[in-house]
Structure formats: structure tokens, C-alpha cells
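Accompanying notes for the structure given below.
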Amino acid sequence: MTGWLDWAQAGFDLFGERVRWADLLGNAGALGAVWLASRRTVWTWPVQLVGAVLLLAVSIDVGFVGNALKNAMVAVLVCYGWWKWTRGIRDEGEVRVRPGTARERLALGALALVGTLAVAALLHYTGQSWAPLFDAFIFVGSVAATIALSRGLMEFWLVWIAVDLVGVPMAVHSGLWVTAAVYSLFLVLCLSGLRTWTRRYRDDQAARATTPGAATGTTAAHGAEGGTA
């Protein structure tokens with residue numbers, strides 16, 4: 001693709017493979033956003049926004065439709081998540097992490113299933129993807145994960161793990177080697193993040209149980225270290 005996306009083609013050769021700067025920097029931002037999310041800091045959102053825009057551009061350029069759709073939607077949802085976390089910090093001093101309720105889990109599951117089938121059908125009909133079902137799952141799973149993250153649900157990590165497992169082979173096939181490597185690193189970060197959030201949730205519950213009159217609300221979550229979230 002030429003024209004307005006020429007800048008997304010800039011890069012360098014590494015071990016015989018072409019590495020694009022937009023792919024490299026976008027994935028660095030995505031990795032940073034996941035680490036910041038595990039730390040429960042609001043800075044995860046602006047970093048995630050920059051990464052999503054860069055990855056959107058490079059995905060459009062190589063025809064990686066699912067990844068392009070994912071990053072376009074993520075860029076939109078980031079604005080909601082940013083507002084949600086900022087409000088939680090203002091109201092409680094931090095945004096609290098928690099497991100999803102049965103209704104929230106059912107809603108996320110329904111979104112993932114129905115959304116994947118619907119988007120896959122659309123991609124198949126339009127011929128815009130060589131693997132419509134997998135492309136659709138990357139897109140819908142990322143949307144579901146971002147929604148869960150904005151609400152501080154620990155299921156966020158589980159959804160991202162599933163997306164990563166699909167994203168690695170898709171990225172390799174598309175020649176986005178940096179993206180493939182980053183998807184692999186995401187698995188490690190997601191496992192670590194899930195453990196961190198689980199420990200924090202248990203600590204919060206223990207603290208509330210020993211505090212007379214402590215609120216039992218389930219405000220979603222991520223508080224910042226150093227007063228950021």
C-alpha cells in the first residue's frame with residue numbers, strides 16, 4: 001500500500017526479515033500498557049492508545065484485517081477506560097480490581113461467541129481475510145478484554161491469554177515477526193498480571209473485612225502507584 005501509509009513501511013532488516021518501526025514501537029507500547037495495567041496505573045491508557053494507532057497503521061498496510069479492526073476498536077475503547085479509571089481514582093483514591101459477577105462473565109462470554117461468529121461471517125462474505133474465524137476472534141476478544149480491563153475485572157487477563165494464543169500464528173503468517181514475539185511475551189505478562197491482581201484483590205478483601213463499616217462495593221479497578229491510578 002502506498003500514499004498516506006508510506007511511513008508505516010519504514011524499517012530495517014534483522015536476520016533476513018523485515019522489521020517495521022511502526023510494528024516495533026506499537027508493540028513496545030502494547031507491552032508497556034500491559035505492564036502498567038498490572039501495576040494498576042492510569043498511564044496504561046495513553047500508552048495503549050499510542051500503541052494501538054501505530055499497530056492499526058501497519059496492520060492496514062499488510063492486510064492483517066483482524067489486527068487492524070482490533071486496534072481501531074481498542075483506540076475507541078481506550079477513551080472509555082481512561083475516563084472510567086480516572087473517575088474511580090477521584091471517587092475512591094484508587095480503582096479496585098475484582099472478579100466479574102456471574103452476569104458479567106455471561107455477558108463477556110456471549111459477546112465473545114456471538115461477536116466472533118458475526119464478524120467471521122462478515123469477513124468471509126467480503127473476502128477481506130484469509131482466516132476469518134481467527135481474525136474475528138482477535139478482534140472481538142480484544143474488545144471484550146478492553147471492556148473487562150476498564151471495569152477492573154480479573155477476567156481481562158484470561159481473555160487476553162486466549163487472544164495471544166491465536167495471535168501468534170496469525171502474526172507469523174502475516175510476516176509481522178515483532179508482533180508474533182510480542183504476543184508470546186504477552187502470555188508471560190498476562191500470567192504475572194493475573195497473579196498480581198488476584199493477590200491485590202485478596203489483600204483488599206482482607207483489609208475490608210477487618211475495617212468496621214468498610215464498603216462492600218465492587219467498583220472496577222486499577223489504582224495508581226505514586227498517585228497515578
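According to UniProt numbering, the sequence shown holds residues 1 to 229 in order.
No residue lacks a Cβ here, since even glycine has one placed at the ideal position from N, Cα and C.
Looking at the DSSP output, Arg-98 shares a beta bridge with Leu-153. The region 194-212 makes no contact with the region 69-76; the number of CB pairs closer than 8 Å stays below 3. In the structure shown, the three-state DSSP call for Gln-128 is coil. Annotation note: the region 32-88 contains the following uninterrupted alpha helix (DSSP H) runs of length 4 or greater, listed N- to C-terminal: 44-62. Around the CB of Leu-106, fewer than 16 other CB atoms lie within 10 Å, so the residue is classed as exposed. Taking C-beta atoms as the reference points, Trp-82 and Trp-35 fail to come closer than 8 Å. In this structure, DSSP gives Gly-141 a helical state, which the three-state scheme calls helix. Look at Thr-179 here: in three-state DSSP terms it is helix. Residue state for Thr-116 is assigned as helix, using DSSP reduced to three classes. A check of alpha carbon separations from Gly-29 across Leu-49, Val-42 and Ala-207 identifies Leu-49 as the nearest.
Asn-67 and Gly-26 have their C-alpha atoms some 12 Å from each other.
Take the alpha-carbon of Gly-175 and the one of Leu-117: they are about 26 Å apart.
Ranking Val-58, Leu-133, Thr-211 and Asn-71 by CA distance to the CA of Arg-20 puts Val-58 first. In the structure shown, Leu-189 adopts helical secondary structure according to DSSP, grouped into three states.
DSSP, read as helix, strand or coil, puts Thr-196 in helix. Taken through DSSP and simplified to helix, strand or coil, Leu-122 comes out as helix. By the criterion of a C-beta distance shorter than 6 Å, Leu-111 is surrounded in its chain by Ala-144, once the five residues flanking it on both sides are discounted. The shortest C-alpha to C-alpha distance from Thr-179 to any of Gln-205, Thr-101 and Val-62 is the one to Val-62.
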